[in-house]
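In the numbering used here, the protein residues as written are 5 to 630.
Structure representation (structure tokens):
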């Protein structure tokens with residue numbers, strides 16, 4: 005059914021509270037005090053005999069008034085209100101449990117009274133406060149109000165305080181408006197960053213005080229002895245993430261022209277942060293501020309300071325310098341050659357040519373000897389080692405190395421006490437990811453008939469020590485075309501869906517596949533075949549002997565199968581002549597006359613030439629039969 009909307013047109017008239025007729029909060033408290041006196045007089049309770057109200061009566065009346073209003077707005081057994089933990093005191097008033105309950109202070113500071121939001125009494129209180137403090141300029145002629153913020157930071161805490169200064173023609177008054185803000189820090193933060201955090205707290209405190217006291221048009225000044233933080237605020241630079249976020253917040257709340265420097269001795273927040281003795285506190289009077297505030301801003305002293313430029317520059321955002329110049333490196337001469345053995349042979353001819361120019365005795369044969377190749381290889385490795393390793397180095401990546409008589413670095417293994425070949429005990433140290441190292445691995449790979457990683461690592465270890473040898477060998481083997489061709493996986497086609505004749509519900513041998521297996525040799529002379537009838541759905545097999553491949557013999561075999569298993573509705577065969585002949589013979593039958601006896605024709609389906617049977621059963625059955 006369609007939902008109906010019921011509208012209540014009755015008018016509910018709420019009775020106004022008795023205190024809504026009064027204009028101020030103090031007047032409400034006084035009237036409530038006289039009401040309490042009247043009730044006590046009716047109950048014949050002892051009361052104050054004075055005609056004027058005492059301070060105790062006003063405080064008690066205010067507590068009772070707030071307890072009545074709190075019961076209207078909050079539940080009785082409620083431990084938290086809008087995420088604030090509250091407790092009910094002995095005076096039945098809900099008080100907020102602050103985070104500074106361990107501080108030794110007045111009870112009213114620890115548990116401030118929870119005020120109902122958007123209540124008429126709160127509006128009266130704000131209105132009275134506004135009339136008392138914000139319109140003070142009407143009572144004082146030619147008065148100017150200025151707010152002074154004092155900021156200081158140390159390793160343990162951060163202090164920020166504010167004082168208001170009313171400057172008239174005859175006197176100057178200063179008073180502490182808000183208590184200091186303390187922020188404990190657990191992380192290790194540098195002193196300049198702590199000073200910047202103090203400036204952030206000072207700017208937030210300024211916004212709070214200006215908004216709460218309706219002093220938006222009053223000039224505000226910020227005093228700090230943090231030279232580095234003042235430079236961060238006043239300079240237009242691209243700072244780091246930490247400094248940039250806080251400087252941006254400070255500039256959004258304040259103007260950088262109003263931030264000024266003051267020595268630490270004159271900063272009132274300095275004493276609040278560091279602490280002092282009672283005598284020094286009484287002599288200094290830090291809540292009044294320095295004496296020069298009695299004068300006008302034009303007469304204030306200008307403090308000159310020299311900031312630490314290194315600390316300032318340390319927080320600047322690092323610039324990434326990109327070199328777009330193209331450096332063309334000259335390729336090595338051996339990079340043009342294709343194998344390590346060819347590099348060694350070319351280097352041998354180069355040594356012969358140099359010896360001939362120097363008229364040194366050399367080999368007179370036209371072919372290179374084994375000694376020449378071995379000596380050329382040693383010289384080649386010594387040249388490359390000097391490019392990659394230091395000359396006076398006793399260990400390379402944790403390996404102890406020694407330089408032999410041939411000026412080649414060799415690894416000092418832990419099996420030097422073994423009686424073995426010297427090249428195995430002290431293998432040659434080769435750099436990783438180098439052209440010559442890659443050519444050497446490729447040479448061994450072809451030499452040992454495309455061996456794998458383990459075999460190549462074992463063969464190379466007999467003479468060489470390569471850093472990250474298995475990684476380099478695996479990289480070289482993976483780039484071999486021959487190995488990749490033999491290790492590649494063959495392409496496989498996804499399996500096709502089964503035909504309907506394989507998955508539909510049918511009787512056994514209703515869908516049949518027929519195939520022949522044989523021939524079988526008989527004694528003394530003769531051949532025989534086996535006809536396999538396979539059920540496509542249930543995978544059953546029926547065997548019948550066949551003495552000839554003629555159509556007549558197969559028809560007799562099919563007749564015996566039908567007599568034993570029943571007539572199939574669909575038959576799958578290949579394109580053999582006896583199957584074709586049987587199909588042609590079945591087509592000549594007059595099925596219209598046979599249909600009168602509730603008999604249906606057989607559907608004969610032939611497989612395409614050179615294609616596997618769609619039933620996938622005849623070939624499997626033939627292999628099982630053999």
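Glycine is no exception: its CB is placed at the ideal position from the N, C-alpha and C atoms. Please read all numbers here as calculations on a predicted model, not as lab measurements.
{"Check": "Proximal residues to residue 4 (C-beta, below 7 Å), its chain only, five neighbours per side dropped", "Outcome": "Since the first residue shown for the chain is 5 and the last is 630, residue 4 is missing from the structure and cannot be characterised."}
{"Check": "Assigned secondary structure, residue 258 (DSSP; H/G/I helix, E/B strand, else coil)", "Outcome": "coil"}
{"Check": "Whole-angstrom C-beta distance between residue 264 and residue 226, which should lie under 8 Å", "Outcome": "7 Å"}
{"Check": "Contact between the region 387-407 and the region 451-465 (3+ Cβ pairs under 8 Å)", "Outcome": "no"}
{"Check": "DSSP beta-bridge partners of residue 263", "Outcome": "226"}
{"Check": "Residue from 306, 319, 456 and 437 whose Cα sits closest to the Cα of residue 247", "Outcome": "319"}
{"Check": "Nearest-angstrom beta carbon gap, residue 468 and residue 431 [assumed within contact, 8 Å]", "Outcome": "5 Å"}
{"Check": "For residue 590, the three-state DSSP class (helix, strand or coil)", "Outcome": "helix"}
{"Check": "Rounded straight-line distance, which links the Cα of residue 569 to that of residue 506", "Outcome": "19 Å"}
{"Check": "When 491, 567, 540 and 27 are compared against residue 511, the one with the closest alpha-carbon", "Outcome": "540"}
{"Check": "For residue 399: DSSP bridge partner residues", "Outcome": "404"}
{"Check": "Short Cβ contact (8 Å threshold) for residue 461 with residue 473", "Outcome": "yes"}
{"Check": "Contact check, residue 588 vs residue 613, beta carbons under 8 Å", "Outcome": "no"}
{"Check": "Whole-angstrom C-beta distance between residue 522 and residue 534, which should lie under 8 Å", "Outcome": "6 Å"}
{"Check": "Straight-line Cα distance separating residue 353 from residue 455", "Outcome": "31 Å"}
{"Check": "Complete runs of the alpha helix (DSSP H) confined to the region 281-360 [at least 4 residues]", "Outcome": "282-288 and 313-318"}
{"Check": "Pairwise C-alpha distance: residue 490 and residue 609", "Outcome": "42 Å"}
{"Check": "Which listed residue (242, 234 and 266) has its alpha carbon closest to that of residue 258", "Outcome": "234"}
{"Check": "Backbone CA spacing between residue 46 and residue 95 [nearest angstrom]", "Outcome": "23 Å"}
{"Check": "Residue-chain proximity (residue 480, chain B), Cβ-Cβ < 8 Å", "Outcome": "Checking the listed chains, one finds no chain B in this structure; it contains a single protein chain."}
{"Check": "Residues that DSSP places opposite residue 532 in a beta bridge", "Outcome": "524"}
{"Check": "8 Å Cβ cutoff met for residue 413 and residue 393", "Outcome": "yes"}
{"Check": "7 Å Cβ shell around residue 36 - same chain, five flanking residues per side excluded", "Outcome": "65 and 69"}
{"Check": "Secondary structure of residue 197, DSSP reduced to three states", "Outcome": "helix"}
{"Check": "Length of the line joining the Cα atoms of residue 316 and residue 270", "Outcome": "24 Å"}
{"Check": "Beta carbon of residue 376 nearer than 8 Å to that of residue 367", "Outcome": "yes"}
{"Check": "Range covered by the alpha helix (DSSP H) that runs through residue 64", "Outcome": "59-77"}
{"Check": "CB of residue 440 within 8 Å of CB of residue 338, strictly", "Outcome": "yes"}
{"Check": "Sequence-distant residues of its chain with Cβ nearer than 8 Å to residue 590 (five each side left out)", "Outcome": "605, 606 and 608"}
{"Check": "Beta-carbon spacing of residue 32, residue 23 below 8 Å", "Outcome": "yes"}
{"Check": "For residue 432, three-class secondary structure by DSSP", "Outcome": "strand"}
{"Check": "Alpha-carbon spacing of residue 341 relative to residue 499, whole angstroms", "Outcome": "49 Å"}
{"Check": "8 Å contact criterion, which residue 386 and residue 421 should meet: CB distance rounded", "Outcome": "Going by Cβ atoms, the distance from residue 386 to residue 421 rounds to 27 Å, so no, they are not a contact pair."}
{"Check": "Reduced DSSP secondary structure (H/G/I, E/B, other) of residue 578", "Outcome": "coil"}
{"Check": "Through-space distance from residue 236 to residue 189, alpha-carbon basis", "Outcome": "Here residue 189 scores only 47 on pLDDT, less than 50, and its place in the model should not be relied on; the value that follows carries that caveat. Those two C-alpha atoms are separated by around 21 Å."}
{"Check": "Contact under 8 Å by Cβ, residue 267 with residue 207", "Outcome": "no"}
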